[in-house]
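In the working numbering, the protein residues as written are 2 to 396. Below you'll find the structure, written out as structure tokens, and then a few comments.
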Amino acid sequence: MLRCLFSTIVDRGSNVQHLIRRAFGFRLSWIVGWLYWINWTLVTVVELLAAGSFLSYWFPSAPLWLLALLCACLIMGLNLFPVKYYGEAEFWLAGLKVAALVVFIVLGAGVWAGVIPSGISGSFPSAGDGGWFPHGFAGTLSALLIVMFSYGGAELIGVAVTEMKDAEQVLPRVIRTTIWRVVGFYLLPMAIICGIMPWNTVSETNSPFVQVLEAIGLPGAAHVMNAVLLIAVLSAANTGVYATSRLLYTMAEQGEASRRLQRTTKHGVPLYGMGMVAICIAAGVIGAYLAPGRIIGELMTIPGFTVLIVWMMIGAAQLKLRPHYKTKPFFRTKGFPYTTMAAVGALGAIWLGFLLQREHRIGSLLCVAVLVLLFIYSTVKEKQHQATKAPGRTA
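Below you can see the structure in the form of structure tokens.
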């Protein structure tokens, strides 16, 4: 998916929204744009609520909505500064996450190899306790929803490309190193967890990272990992606020949202876009007040669906636009068009699988309902857009 995106936007000077519009026109671009905005708005709300839940570890008497509100004020304040400060904040937040993961991998590997003394036998206990797929293919497919939720955001570089210097040099390097980052910061920690703890001993109420470190016997492990998790979700929320406000600005430029959303501060921050994000965050905080025990779980089901749709559209856009290029792109997708078709097909199969699963029925119904509403309203918006382009009219 990343190769599909970068091979199309690097050479043509555009971002995700421009890519969809060039390929499929105003109507589909409008639908995907608002769907993507809804996706990242929900992700931002979920991450801020999660940040509040991690803070409640140290402040158990404080209500979730209040802790989430404090985190929201912090993140919104950071995003009111110029984009370079957003990048600086992300640099340090990401650095702390990476450092914590490296320490976890080193400690876990040491225990698994028997270098660090502990009462744990590093022999992959999950392999002998129901096997690697104890709930079969259906269980694995169900888990993919959270996986998609976790990986959603990789395409955000397509949002940031309009504010990036030397994109032709930077973006290819990013895509080439992404696979190694996935291996290092996702697969290795998962291998450590599976190599130390049986799958059926991992509690749903505690982070598996915390449980592994507690099993090792490291003093203060719960506090350390809770702090790391707090930093991780604040970083994700920071990215979400940045993405949603900039996406609204881009859509306003293209006539897909109110022109007022183009208004920026003297530092280039989309002022009205930030205001819309703040309203949605406030709605999430109210939801946390009304249903503190359910809201995070309910909201997490939707972004996994929506990000799959966006990824499929990116691949489909490349399939449509690439044959019309007069010159070969600077950054190419290997095996095009077959790799792109395979990726779109796999994503489509996963999305259909989610729709048919009973445990995701509420989320899938909400997603389909939103798609239907956007499709219906897009007919009105397309007529308005065509009217503004008619002779004698101005946009």
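Quick reminder that beta carbons are idealized off the backbone N, C-alpha and C, glycines included.
Subject >> Integer-rounded CB distance, given that Phe306 should sit under 8 Å from Ser365 >> reply: Here residue 365 is taken as the residue at index 364 of the sequence shown, counted from 1. Here residue 306 is taken as the residue at index 305 of the sequence shown, counted from 1. In this structure Ser365 touches Phe306 by the C-beta definition: roughly 7 Å separates them, less than 8 Å.
Original post:
Among Ile76, Leu50, Gln387, which has the Cα closest to the Cα of Pro64?
Top reply: Within the sequence shown, residue 64 is the residue found at index 63, counting from 1. Checking every option, the nearest Cα to that of Pro64 belongs to Leu50.
Original post:
Going by Cα to Cα distance, which pick from Cys368, Phe186, Tyr86 is closest to Val104?
Top reply: The residue you call residue 104 lines up with position 103 of the sequence shown. Ranking the options by Cα distance to Val104, first place goes to Phe186.
Original post:
Using DSSP with H/G/I as helix, E/B as strand and the rest coil, what is Thr265?
Top reply: Walking along the sequence shown from the start, residue 265 turns up at place 264. In the structure shown, Thr265 sits in a strand (DSSP, three-state: E or B).
Original post:
Is DSSP giving Gly271 helix, strand or coil here?
Top reply: Position 270 of the sequence shown, counting from 1, holds the residue named residue 271. The sequence given here has Pro at residue 271, not Gly. Here Pro271 carries a strand assignment [DSSP, helix/strand/coil].
Original post:
Shortest alpha-carbon distance to Ile197 belongs to which of Asn227, Pro338, Ile106?
Top reply: The residue labelled residue 197 in the question sits at position 196 within the sequence shown. The option with the nearest alpha carbon to Ile197 is Ile106.
Original post:
Can at least three beta-carbon pairs, one atom from the stretch 211 to 222 and one from the stretch 79 to 98, be found at a separation below 8 Å?
Top reply: Contact between the stretch 211 to 222 and the stretch 79 to 98 is absent: fewer than three C-beta pairs spanning the two stretches fall below 8 Å.
Subject >> Close-in-space but distant-in-sequence residues of the same chain around Thr340 (CB under 7 Å, 5 per side omitted) >> reply: Sequence index remark: in the sequence shown, residue 340 carries index 339 (1-based). The beta carbon of Thr340 sits closer than 7 Å to those of Thr334, all from its chain and outside the five residues before and after it, given in chain order.
Original post:
What did DSSP end up calling Ser57 once you bin it into helix, strand or coil?
Top reply: As a position in the sequence shown, residue 57 is number 56, starting the count at 1. The DSSP-derived three-state label of Ser57 is coil.
**OP:** Report the rounded CA-to-CA distance for Leu353 versus Arg182, giving the unit in angstroms.
**Re:** Taking the sequence shown and counting its residues from 1, the one referred to as residue 353 is at position 352. Taking the sequence shown and counting its residues from 1, the one referred to as residue 182 is at position 181. One C-alpha to the other measures close to 29 Å.
Original post:
How big is the Cα-Cα spacing for Val381 and Val373?
Top reply: The residue you call residue 381 lines up with position 380 of the sequence shown. The residue you call residue 373 lines up with position 372 of the sequence shown. The straight-line gap from Cα to Cα measures roughly 13 Å.
Subject >> Val1 to Leu249 span [Cα, whole Å] >> reply: A query on residue 1 cannot be resolved here, the shown segment of the chain reaching from 2 to 396 and no further.
**OP:** List the endpoints of the continuous alpha helix (DSSP H) containing Tyr87.
**Re:** Here residue 87 refers to the residue found at position 86 of the sequence shown. Going by DSSP, Tyr87 is part of the alpha helix (DSSP H) stretching over 84 to 114.
Original post:
Rounded to whole angstroms, how far is the Cβ of Leu43 from the Cβ of Ile363, which I believe are closer than 8 Å?
Top reply: Taking the first residue of the sequence shown as 1, we reach residue 43 at position 42. Taking the first residue of the sequence shown as 1, we reach residue 363 at position 362. About 14 Å separates the two Cβ atoms, so there is no contact after all.
**OP:** Take Glu383 and list the residues in its own chain whose beta-carbon comes closer than 7 Å to its own, dropping the five residues that flank it on each side.
**Re:** What you label residue 383 is simply residue 382 of the sequence shown in a count that begins at 1. Closer than 7 Å at Cβ, skipping near neighbours: Phe27, Arg28.
Subject >> Glu89 classed as buried or exposed, judged by whether at least 16 other C-beta atoms fall within 10 angstroms >> reply: The residue given as residue 89 occupies position 88 in the sequence shown. Counting Cβ neighbours within 10 Å, Glu89 comes out exposed, since fewer than 16 surround it.
**OP:** Work out the CA separation of Met226 and Pro61 for me, nearest whole Å.
**Re:** By 1-based counting over the sequence shown, the position of residue 61 is 60. By 1-based counting over the sequence shown, the position of residue 226 is 225. A direct Cα-to-Cα measurement between Pro61 and Met226 gives close to 17 Å.
Subject >> Residues near Leu75 in its chain [Cβ-Cβ closer than 8 Å; skip 5 each side] >> reply: If you number the sequence shown from 1, residue 75 lands on position 74. These residues qualify, in order along the chain: Leu235.
**OP:** With a 10 Å radius around its C-beta and 16 neighbouring C-beta atoms as the bar for buried, classify Phe92 as buried or exposed.
**Re:** Translated into positions along the sequence shown, residue 92 becomes position 91. Its Cβ having fewer than 16 others within 10 Å, Phe92 is exposed.
Subject >> Status (buried if at least 16 other CB within 10 Å, exposed otherwise) for Phe376 >> reply: Along the sequence shown, read from residue 1 onward, the residue named residue 376 stands at position 375. Result: exposed.
Original post:
Excluding sequence positions up to five away, which residues of its chain have a Cβ less than 6 Å from the Cβ of Tyr37?
Top reply: Indexing the sequence shown from 1 puts residue 37 at position 36. Setting aside the 5 residues that flank it on each side, Tyr37 is surrounded in the same chain by Val311, each with a C-beta closer than 6 Å to its C-beta; the list follows chain order.
Subject >> Where Met313 falls: helix, strand or coil (DSSP) >> reply: Along the sequence shown, read from residue 1 onward, the residue named residue 313 stands at position 312. Secondary structure at Met313: helix, using DSSP grouped into helix, strand and coil.
Original post:
Taking the alpha carbon of Val46 as the point to measure from, which residue in Cys281, Ala233, Cys195, Ala388 has its own alpha carbon closest?
Top reply: The residue given as residue 46 occupies position 45 in the sequence shown. The shortest C-alpha to C-alpha distance from Val46 to any of Cys281, Ala233, Cys195, Ala388 is the one to Cys281.
Original post:
In three-state terms, what does DSSP make of Leu70?
Top reply: For the purposes of this step, residue 70 is taken as the residue at position 69 of the sequence shown. Leu70: helix per DSSP, three-state reduction.
**OP:** Report the three-state DSSP secondary structure of Ala350 (helix, strand or coil).
**Re:** Position 349 of the sequence shown holds residue 350. Reduced to three states, the DSSP call for Ala350 is helix.
Original post:
Going by beta carbon distance, what residues of the same chain come within less than 6 Å of Tyr290, once the five residues before and after it are set aside?
Top reply: Mapped onto the sequence shown, residue 290 falls at position 289. For Tyr290, where only same-chain residues beyond five positions count, the Cβ hits under 6 Å are Trp66.
Subject >> Residues of its chain near Leu356, where Cβ-Cβ distance is below 6 Å and the 5 sequence neighbours each way are ignored >> reply: By one-based count along the sequence shown, residue 356 stands at place 355. Contacts found: Ser365.
**OP:** Would you check if the distance between the CB atom of Ile193 and the CB atom of Leu97 is smaller than 8 Å?
**Re:** Within the sequence shown, residue 193 is the residue found at index 192, counting from 1. Within the sequence shown, residue 97 is the residue found at index 96, counting from 1. One thing to note: Ile193 has its Cβ no nearer than 8 Å to the Cβ of Leu97.
**OP:** Please say whether Leu322 and Leu348 have beta carbons closer to each other than 8 Å?
**Re:** The sequence position of residue 348 within the sequence shown is 347, counting from 1. The sequence position of residue 322 within the sequence shown is 321, counting from 1. If you check the CB distance, Leu348 and Leu322 do not come in under 8 Å.
Original post:
Is the beta carbon of Leu68 less than 8 Å from the beta carbon of Ala318?
Top reply: Sequence index remark: in the sequence shown, residue 68 carries index 67 (1-based). Sequence index remark: in the sequence shown, residue 318 carries index 317 (1-based). No.
Original post:
Is it the case that the Cβ atoms of Ala344 and Gly316 are separated by a distance below 8 Å?
Top reply: The residue you call residue 344 lines up with position 343 of the sequence shown. The residue you call residue 316 lines up with position 315 of the sequence shown. Contact flag set, yes.
Subject >> Spatial neighbours of Ala52 in its chain, beta-carbon cut-off 7 Å, leaving aside the 5 residues before and after >> reply: The count along the sequence shown starts at 1 and reaches residue 52 at position 51. Excluding sequence neighbours, Ala52 sits near Ala69, Cys72, Leu231, Val234, Leu235, Ala238.
Original post:
According to the neighbour-count rule (16 or more other Cβ atoms, all chains shown, within 10 Å of its Cβ), is Thr266 buried or exposed?
Top reply: Locating residue 266 in the sequence shown gives position 265, where the first residue counts as 1. Exposed, since its Cβ has fewer than 16 Cβ neighbours within 10 Å.
Original post:
For Gln385, which of helix, strand or coil comes out of DSSP?
Top reply: Taking the sequence shown and counting its residues from 1, one reaches residue 385 at position 384. Three-state result, Gln385: helix.
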